[in-house]
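Q:
Residue numbers (UniProt numbering): 1 to 58.
Printed below as a string of structure tokens:
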């Protein structure tokens with residue numbers, strides 16, 4: 001149990017200064033059928049992806 005706790009707590013100092021990711025929004029398309037607007041999405045940071053993986057391992 002201690003190793004699982006230790007594995008998650010190692011993210012605390014990293015998350016404190018992390019931006020968590022970058023939102024991508026479509027500003028190029030006008031919403032017509034030829035140029036439909038794409039929904040916004042997030043490209044998550046490496047820290048967030050590693051935290052997610054650690055949580056799923058537990």
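Don't be surprised by glycine CBs; every beta carbon is placed ideally from N, CA and C. Treat the numbers as computed from the prediction; the structure is a model and nothing was measured.
Please classify residue 5: does DSSP put it in a helix, a strand, or coil?
A: Indexing the chain shown from 1 puts residue 5 at position 5. If DSSP states are grouped into helix, strand and coil, residue 5 belongs with the helices.
Q: Give me, in chain order, the residues of the same chain whose beta-carbon lies closer than 6 Å to that of residue 26; leave out the 5 immediate sequence neighbours on both sides.
A: What you label residue 26 is simply residue 26 of the chain shown in a count that begins at 1. For residue 26, the CB contacts under 6 Å within the same chain, skipping 5 residues up- and downstream, are 37, 38 in chain order.
Q: Can you tell which of 43, 49, 54 has its C-alpha closest to the C-alpha of residue 23?
A: For the purposes of this step, residue 23 is taken as the residue at position 23 of the chain shown. That would be 43, whose Cα lies nearest to the Cα of residue 23.
Q: Can you tell me whether residue 15 is helix, strand or coil according to DSSP?
A: Start at 1 with the first residue of the chain shown, and residue 15 comes out as number 15. Helix at residue 15.
Q: Over the uninterrupted beta strand (DSSP E) stretch that includes residue 37, give me the two end residues.
A: To locate residue 37, count along the chain shown from 1; it is residue 37. Looking at the DSSP string, residue 37 is not in any beta strand (DSSP E), and its letter there is neither H nor E.
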